[in-house]
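The structure under discussion appears below in the form of structure tokens.
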Amino acid sequence: MNNPNSQSNDNSSAGFRTRAIHVGGEVDPATGAVVAPVHFASTFRQPGAGQWGQFDYSRSGNPTRTALQKTLASLESSETTSCTGSLAFSSGMAAIHTVTMLLRSGDHVVAGTDIYGGAYRLLHRICDASGIEVSLVDMTDVTSVAAAIRPETKLIWAETIGNPRMTIPDLPAISKIAKQHAVLLGVDNTFGTPALIRPLQWGVDIVMHSATKYLGGHSDCLGGTLAVADAELYDRLYFIQNATGAVLDPMTCFLISRGLKTLDLRVREQSATAMKLAAWLESHDRVRSVLYPGLASHPQAARARDLFDAGLPDEAKRFGAMITFELDGDLEIVKKFCGSTRLFHLAVSLGAVESLIEQPATMSHASYAPEDRAQYGITDSLIRLSVGLEDFADLQADLTQAFAACP
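Note that our numbering numbers the sequence shown so that position 1 is 3, with each residue one more than the last.
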């Protein structure tokens with residue numbers, strides 16, 4: 003099909019922030035408005051019977067959704083790899099579900115052990131009911147990934163920054179394995195965002211985002227996206243989306259488009275604060291361990307430096323605004339700590355301007371089987387922080403008083 007979201011005609015030499023503002027956000031030719039109108043129309047008048055204009059029915063395409071997808075396609079591109087197109091969905095899970103609908107009964111998926119609880123639930127309680135088998139593998143161990151591939155394997159699913167243990171997979175090496183076996187490689191880049199890492203340049207086939215998080219950035223919208231470099235794969239995913247109807251509504255498309263304009267600024271500021279908080283937490287006597295890719299103590303710190311902010315010097319690199327740490331205490335102490343913060347809201351989700359705190363074992367990853375939580379290190383003492391845009395000193399003071407509330 004003719005992909006209206008292709009960014010092939012965009013000025014690819016423009017900087018990330020410039021493209022976030024101008025690509026897909028062109029001046030409205032009818033009025034001169036610098037903010038494009040939101041098109042709520044569900045249907046569009048056609049030139050004649052059997053003759054089709056660019057838009058016919060909003061499930062198949064909508065001008066506001068097309069504008070967002072055009073922006074995303076530009077932002078997912080890099081100096082070495084161009085994104086063919088992006089698709090916007092009603093949620094991140096709808097986007098992942100669409101990827102799994104590429105599979106058939108009898109197919110096999112190799113997924114990471116460190117993935118979002120909702121993705122784990124989809125793979126183990128929905129896909130398995132359709133005869134799709136799933137194997138969980140440590141994505142930081144390339145040998146294990148290769149060993150898990152079977153003749154019936156059709157998809158490898160990983161995360162650029164694992165949720166919740168912040169693991170960093172070797173994307174170039176895994177991509178090489180996937181191509182050797184003609185297996186699709188999909189990654190969830192919600193934690194990383196295209197501001198810090200563009201996985202298509204590392205050989206990934208499908209990049210997914212929960213747009214609810216950093217892309218929107220203000221805890222006021224729900225959405226998901228997919229981006230691909232291959233035109234045939236784009237067509238297959240578009241067909242599934244159009245056939246099943248999991249499209250993003252125009253108002254939410256507008257909100258996410260608006261969020262993208264400040265994505266780079268927000269993520270970099272949040273990441274800088276997260277780095278300071280992670281270093282401070284690592285030195286705290288009430289903390290057993292801190293998992294943050296920017297710390298030298300992180301098991302894949304060197305890999306993170308290679309993959310994130312490629313081309314920038316180490317001192318300019320950013321590694322995201324998510325921190326996971328283990329509190330020295332039992333389940334009740336952990337619950338009390340999470341409930342004692344004032345600026346960090348106790349809530350699931352992440353990536354917005356306000357900071358959030360949660361306990362993965364009972365919240366975001368409660369859908370994991372208990373034995374899998376135990377095996378993969380999602381312990382009761384684990385706490386996950388989403389660092390917002392508040393002042394570092396205020397967030398540090400908030401955590402300090404929470405520590406004091408848990409003697």
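Even for Gly, the Cβ is constructed at its ideal location relative to N, Cα and C.
For THR102, there is no enclosing beta strand (DSSP E); the residue is part of the alpha helix (DSSP H) that begins and ends at 94-102.
If the five residues before and after ASP116 are omitted, its C-beta is found closer than 6 Å to the C-beta atoms of GLY164, ARG167, THR169, all from its own chain and listed in chain order.
Nearest neighbour of HIS99 by Cα position, chosen from THR364, ARG270, TYR122, THR82, turns out to be TYR122. Contact between the region 315-328 and the region 282-297 is present, with at least three C-beta pairs closer than 8 Å. Listed in chain order, the alpha helix (DSSP H) elements of length 4 or more contained wholly in the region 120-160 are 144-150. DSSP, reduced to helix, strand and coil, places SER88 within a strand of the structure shown.
In the DSSP assignment, PHE339 falls within the alpha helix (DSSP H) that extends over 333-342. Relative to HIS286, the option among ALA323, ALA406, TYR240, ILE134 whose CA is nearest is ALA406. Cβ atoms of VAL189 and VAL206 come within 8 Å of each other, at about 5 Å.
For the pair of segments examined, the region 255-263 was found to touch the region 63-74: the number of CB pairs separated by less than 8 Å reaches three. From the listed residues PHE193, THR145, MET210, the smallest Cα separation to ALA180 is found for THR145. ILE23 and MET95 have their C-alpha atoms some 27 Å from each other. For ARG268, the enclosing alpha helix (DSSP H) begins and ends at 265-284. The beta carbons of LEU358 and LEU352 sit about 6 Å from each other, so the pair counts as a contact at 8 Å. By the CB criterion at 8 Å, GLY219 and LEU250 fall outside the cutoff. DSSP places HIS300 in the coil class of the three-state scheme, outside both helix and strand.
Cβ neighbours of ASP30 within its own chain (closer than 7 Å, five residues either side excluded): ALA38, PRO39.
In the three-state scheme derived from DSSP, where H, G and I count as helix and E and B as strand, ASP172 is classed as coil.
Beta-carbon to beta-carbon, TRP159 and VAL209 are separated by about 12 Å, too far to satisfy the 8 Å threshold. By the criterion of at least three beta-carbon pairs nearer than 8 Å, the region 304-314 is in contact with the region 190-203.
In the three-state reduction of the DSSP assignment, TYR236 falls in the helix class. One Cα belongs to ASP316, the other to ARG305, and the distance between them is close to 12 Å. Pairing LEU228 with ALA97 gives a Cβ-Cβ distance under 8 Å. Put simply, the backbone Cα of PRO362 is about 22 Å away from that of LEU391. A residue is called buried once 16 or more other Cβ atoms fall within 10 Å of its Cβ, and LEU333, having fewer, is exposed.
Apart from sequence neighbours up to five positions away, the residues of its chain that approach PHE193 with a beta-carbon distance below 6 Å are ILE163, GLY322, MET324, ordered along the chain.
Per DSSP, the unbroken beta strand (DSSP E) holding HIS211 starts and ends at 208-212. Look at the beta carbons and you see the region 383-399 touching the region 273-287: at least three pairs across the two are nearer than 8 Å.
VAL350 is positioned such that its CB atom lies closer than 8 Å to that of MET365.
The residues LEU329, CYS408, in chain order, have a CB closer than 7 Å to that of ILE335 in the same chain once the five nearest residues on each side in sequence are set aside. In its chain, beyond the 5 residues on either side, PHE57, ASP58 have a beta carbon closer than 6 Å to the beta carbon of PHE46. A straight-line Cα-Cα distance of about 46 Å links THR142 and ALA43. Across the structure, THR195 and VAL269 are spaced so that their CA atoms are roughly 8 Å apart. According to the DSSP assignment, ALA404 belongs to no beta strand (DSSP E) but to the alpha helix (DSSP H) extending over 394-406.
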